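Trainee:
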Amino acid sequence: MLFIRAAPSCCWLSKQAIISRSPVVTTFVLPNSVKRHSTYDTATPHIVAEKSDGTCKCPKPVYLFGYSDDSQWKKFRRRTFTDIEETAGCVRVMKCREGLNNKVYLLTMNNGSEIIARLPNPIAGPAYYTTASEVATREFIRDAMKIPAPRIIAWSADRNNPVGAEYILEEKAPGVPLGRLWYQWPMECRLEMVLQIVKIEHQFASMQFSKCGCIYFKHDILNGPSGGGSFTTSTRAAPSIYERFTLGPLVSSDTRPLEFVEAMATNEKRFVKAHGRPRLNYHRSTTKPESPDELLDLLDRYLKLMPAMVPSVTHSPTLWHPDLHLDNVFVDPKSRQITRIIDWQSAAVMPLYYQCGIPRMFKHPGGVSNNWDVPKLPDDYDSLDQSEKDKIDSNQKSEICHKYYLAETMDQNPRHWAALKLENLDVRTEPSRLVVNVWEDHDVFFLRRALHSIAKQWQYLCPDSGPCPVTFGEQELEAHEAEEESMSNVSQILALFQDNWGLPPDGMVDSAVFDEVQRAVAELRDSFIAGGDDEAERQLFSKLWPYRNEDS
Numbered sequence: 004m005l006f007i008r009a010a011p012s013c014c015w016l017s018k019q020a021i022i023s024r025s026p027v028v029t030t031f032v033l034p035n036s037v038k039r040h041s042t043y044d045t046a047t048p049h050i051v052a053e054k055s056d057g058t059c060k061c062p063k064p065v066y067l068f069g070y071s072d073d074s075q076w077k078k079f080r081r082r083t084f085t086d087i088e089e090t091a092g093c094v095r096v097m098k099c100r101e102g103l104n105n106k107v108y109l110l111t112m113n114n115g116s117e118i119i120a121r122l123p124n125p126i127a128g129p130a131y132y133t134t135a136s137e138v139a140t141r142e143f144i145r146d147a148m149k150i151p152a153p154r155i156i157a158w159s160a161d162r163n164n165p166v167g168a169e170y171i172l173e174e175k176a177p178g179v180p181l182g183r184l185w186y187q188w189p190m191e192c193r194l195e196m197v198l199q200i201v202k203i204e205h206q207f208a209s210m211q212f213s214k215c216g217c218i219y220f221k222h223d224i225l226n227g228p229s230g231g232g233s234f235t236t237s238t239r240a241a242p243s244i245y246e247r248f249t250l251g252p253l254v255s256s257d258t259r260p261l262e263f264v265e266a267m268a269t270n271e272k273r274f275v276k277a278h279g280r281p282r283l284n285y286h287r288s289t290t291k292p293e294s295p296d297e298l299l300d301l302l303d304r305y306l307k308l309m310p311a312m313v314p315s316v317t318h319s320p321t322l323w324h325p326d327l328h329l330d331n332v333f334v335d336p337k338s339r340q341i342t343r344i345i346d347w348q349s350a351a352v353m354p355l356y357y358q359c360g361i362p363r364m365f366k367h368p369g370g371v372s373n374n375w376d377v378p379k380l381p382d383d384y385d386s387l388d389q390s391e392k393d394k395i396d397s398n399q400k401s402e403i404c405h406k407y408y409l410a411e412t413m414d415q416n417p418r419h420w421a422a423l424k425l426e427n428l429d430v431r432t433e434p435s436r437l438v439v440n441v442w443e444d445h446d447v448f449f450l451r452r453a454l455h456s457i458a459k460q461w462q463y464l465c466p467d468s469g470p471c472p473v474t475f476g477e478q479e480l481e482a483h484e485a486e487e488e489s490m491s492n493v494s495q496i497l498a499l500f501q502d503n504w505g506l507p508p509d510g511m512v513d514s515a516v517f518d519e520v521q522r523a524v525a526e527l528r529d530s531f532i533a534g535g536d537d538e539a540e541r542q543l544f545s546k547l548w549p550y551r552n553e554d555s
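Pasting the structure below:
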């Protein structure tokens with residue numbers, strides 16, 4: 004099995020974060036009038052940008068147009084649409100606040116309807132495959148599984164189109180994001196939502212696939228080794244649905260869990276051999292470069308440790324939502340029923356033990372007791388001030404949701420429950436989660452730590468496999484510990500900024516507070532560097548500083 008990957012295109016998304024201004028607006032022009040099977044010349048609709056508080060503003064022209072060549076602009080004014088049922092003119096384009104993977108626009112038509120336009124950023128992955136797979140996956144789950152994903156109106160995975168980029172046009176999800184309501188809902192409403200999600204996850208767990216891969220339309224990957232062939236599942240819908248889809252883009256007939264884990268490492272080895280170059284890792288040395296050969300040696304050890312990475316009780320390949328959180332679930336505020344689930348980009352069919360987990364919207368951030376008891380309030384609860392009571396109440400509700408999710412999963416979704424109950428699952432799966440993009444993400448340290456953890460527990464993880472096949476030398480472990488100490492010091496700085504400014508590890512901040520955060524970062528950087536005992540150490544501290552200024 005071969006997993007397709009892209010050469011590094013956004014290397015700034017590494018452990019070395021950048022303070023960057025979130026884009027205020029970019030331009031996407033939908034024709035002012037679109038009709039089924041028709042093409043129209045258009046005028047530019049009114050364009051606004053969404054602010055952090057949800058309101059809109061009219062951005063400055065400098066943020067809208069990166070060029071003034073009229074001939075270049077005209078190509079954005081013509082576009083043929085074949086899937087829009089009725090004539091509608093686009094009168095307004097709002098640049099939405101977005102994540103890292105997509106540019107998102109809300110298009111308002113002159114008949115009052117609204118359409119979402121999404122264009123993938125380079126960090127999302129190979130644009131053709133990312134777009135084609137998302138569209139096919141959403142069509143599959145809507146048609147074969149009746150999962151409420153937004154309807155796709157039009158799309159293109161080929162950037163050689165009049166827009167000049169891959170895109171998806173889809174219905175605006177009816178309802179509102181769950182995140183706007185969740186913390187105002189009483190407990191019984193939250194538990195009803197937990198139950199809805201468990202039932203949807205049961206639908207996914209009930210459909211087992213014959214092999215791993217991503218879902219595509221057959222005609223989009225006819226040249227792949229899978230030959231556009233169909234795939235089989237444990238649950239069959241109408242043949243007319245299944246015959247449209249296949250797994251790809253390049254998938255062999257044998258994709259058992261061990262081959263799945265192996266494919267990620269062998270693919271990374273090919274990439275590192277082709278693109279890896281020595282580089283300085285200031286957590287280790289200011290003079291001696293970190294060599295790709297060190298990573299290749301780690302990858303060889305990874306391959307020897309693979310038996311410990313796959314549970315003895317294997318789990319069939321299963322499709323799963325890649326990141327279920329409060330803003331990816333839309334609900335009707337009155338009925339409190341799920342109307343749509345969004346953000347299916349990068350969804351894939353993989354072994355269930357690799358996919359399973361508690362959705363982060365239900366996962367309690369602190370420790371959870373092993374029993375099913377409702378967490379009790381402290382004895383002195385009545386004497387506490389209101390802020391302390393609010394914190395305790397919030398933690399109690401969070402833990403109740405966590406336990407209720409587990410209880411309902413155990414009762415209604417036995418396949419998922421069995422995967423969740425696997426012992427040492429995090430230890431087993433961490434190496435394979437880290438190995439993809441490990442070099443360009445600067446995650447060599449974390450991969451080494453994960454492999455060392457498996458080596459230490461080898462006899463427990465693989466009791467019938469003899470002695471551990473790999474070792475870690477004393478000198479290597481000493482260097483690893485020194486690197487860990489250096490990284491720990493920087494992590495404290497990161498934690499300080501996250502606590503005080505809500506600054507995420509990738510350094511992206513809202514434009515409204517960018518200047519303020521930039522000044523605070525500069526002051527803390529000066530203090531951090533001044534803490535060095537001598538000039539050499541101050542030079543080192545300047546190299547270790549995790550945030551660089553880069554206006555994007």
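Residue numbering for the sequence shown follows the numbering used here, beginning at 4 and increasing consecutively. A virtual CB, placed ideally from N, CA and C, is assigned to each residue, including glycine. None of the values given here were measured: they were computed from a predicted structure.
So LEU122 is in the beta strand (DSSP E); what residue range does that whole segment cover?
Mentor: Position 119 of the sequence shown holds residue 122. Note, LEU122: beta strand (DSSP E), 117–123.
Trainee: What's the C-alpha gap between GLY230 and ILE532?
Mentor: Here residue 230 is taken as the residue at index 227 of the sequence shown, counted from 1. Here residue 532 is taken as the residue at index 529 of the sequence shown, counted from 1. With a pLDDT of 46 at GLY230, under the threshold of 50, the modelled position of this residue cannot be trusted; read the value that follows with caution. Cα to Cα, the separation comes out at about 58 angstroms.
Trainee: What residue range is occupied by the uninterrupted beta strand (DSSP E) comprising THR111?
Mentor: Within the sequence shown, residue 111 is the residue found at index 108, counting from 1. Unbroken beta strand (DSSP E) run through THR111: 105–112.
Trainee: Please list the terminal residues of the continuous beta strand (DSSP E) segment that includes VAL438.
Mentor: Within the sequence shown, the letter at position 435 stands for residue 438. Segment 428–438 is the alpha helix (DSSP H) holding VAL438; no beta strand (DSSP E) there.
Trainee: Helix, strand or coil for PHE333, going by three-state DSSP, please let me know.
Mentor: Counting from 1 along the sequence shown, the entry for residue 333 is found at position 330. In this structure, PHE333 counts as strand in the three-state DSSP scheme.
Trainee: With a floor of 3 residues, list each beta strand (DSSP E) that falls wholly inside the region 144–195, ordered by position along the chain.
Mentor: 155–159 and 170–174
Trainee: Does DSSP put THR140 in a helix, in a strand, or in coil?
Mentor: By 1-based counting over the sequence shown, the position of residue 140 is 137. Of the three classes helix, strand and coil, the one that applies to THR140 here is helix, per DSSP.
Trainee: Rounded to a whole number of angstroms, what is the C-alpha to C-alpha distance between ALA130 and TYR407?
Mentor: Within the sequence shown, residue 130 is the residue found at index 127, counting from 1. Within the sequence shown, residue 407 is the residue found at index 404, counting from 1. Approximately 39 angstroms between the Cα atoms of the pair.
Trainee: Would you call the region 442–458 and the region 283–303 in contact, with 3 or more CB pairs under 8 angstroms?
Mentor: yes
Trainee: Return the bridge partner residues of PHE248 from the DSSP annotation.
Mentor: Your numbering for residue 248 matches position 245 in the sequence shown. Under DSSP, PHE248 forms a beta bridge with PHE220.
Trainee: Determine the DSSP secondary structure at SER25, reduced to helix, strand or coil.
Mentor: Counting from one through the sequence shown, the residue named residue 25 turns up at place 22. Because the pLDDT of SER25 is 40, which lies under 50, any placement of that residue in the model is unreliable, and the question is left without a value.
Trainee: In the DSSP output, what is GLN211 paired with across the bridge?
Mentor: Here residue 211 is taken as the residue at index 208 of the sequence shown, counted from 1. Partner(s): THR321.
Trainee: Sorted by chain position, which residues of the same chain lie with C-beta nearer than 6 angstroms to ILE118's C-beta, five sequence neighbours on each side aside?
Mentor: Within the sequence shown, the letter at position 115 stands for residue 118. Contacts found: LEU110 and LEU172.
Trainee: Does the Cβ of MET190 have 16 or more other Cβ atoms within 10 Å, making it buried, or fewer, making it exposed?
Mentor: For this step, residue 190 is matched to residue 187 along the sequence shown. Exposed, since its Cβ has fewer than 16 Cβ neighbours within 10 Å.
Trainee: Just to confirm, are PHE333 and GLY178 a CB contact at a threshold of 9 angstroms?
Mentor: Against the sequence shown, residue 333 aligns to sequence position 330. Against the sequence shown, residue 178 aligns to sequence position 175. The answer is yes: Cβ separation under 9 angstroms.
Trainee: Per DSSP, what are the beta-bridge partners of CYS93 in this structure?
Mentor: On the sequence shown, residue 93 is found 90 positions in, with the first residue counted as 1. Its beta-bridge partners are MET112.
Trainee: Counting only the same chain and skipping the five closest in sequence on each side, list residues whose C-beta sits under 6 angstroms from that of LEU122.
Mentor: For the purposes of this step, residue 122 is taken as the residue at position 119 of the sequence shown. Result list for LEU122: LYS106, ALA168 and TYR170, in chain order.
Trainee: From the DSSP secondary-structure annotation, give me the bridge partner or partners of ILE203.
Mentor: The residue you call residue 203 lines up with position 200 of the sequence shown. DSSP, once it has assigned bridges, lists no residue as partnering ILE203.
Trainee: Among TRP347, GLN206 and ARG273, which has the Cα closest to the Cα of PRO153?
Mentor: Counting from one through the sequence shown, the residue named residue 153 turns up at place 150. With distances taken between Cα atoms, PRO153 lies closest to TRP347.
Trainee: Let's see if you can read the secondary structure: which residues bound the alpha helix (DSSP H) around LEU528?
Mentor: Here residue 528 is taken as the residue at index 525 of the sequence shown, counted from 1. Leu is not the amino acid found at residue 528; the sequence shown has Arg there. Segment 517–533, the alpha helix (DSSP H) holding ARG528.
Trainee: I think ALA160 touches THR140, with their Cβ atoms under 8 angstroms apart; what is that distance to the nearest whole Å?
Mentor: Taking the sequence shown and counting its residues from 1, one reaches residue 160 at position 157. Taking the sequence shown and counting its residues from 1, one reaches residue 140 at position 137. Between THR140 and ALA160 the Cβ distance is about 13 angstroms, and since that is not below 8 angstroms, they are no contact.
Trainee: Checking 9 angstroms against the spacing of the C-beta atoms, do GLU411 and VAL96 come in under that value?
Mentor: Residue mapping note: residue 411 aligns to position 408 of the sequence shown, counting from 1. Residue mapping note: residue 96 aligns to position 93 of the sequence shown, counting from 1. Going by C-beta atoms, GLU411 is not nearer than 9 angstroms to VAL96.
Trainee: Exposed or buried, which one is LYS98 when buried takes at least 16 other CB atoms within 10 Å?
Mentor: To locate residue 98, count along the sequence shown from 1; it is residue 95. Counting Cβ neighbours within 10 Å, LYS98 comes out buried, since at least 16 surround it.
Trainee: For the beta strand (DSSP E) that PRO354 lies in, which residues bound it at each end?
Mentor: Indexing the sequence shown from 1 puts residue 354 at position 351. That run of the beta strand (DSSP E) goes 352–354.
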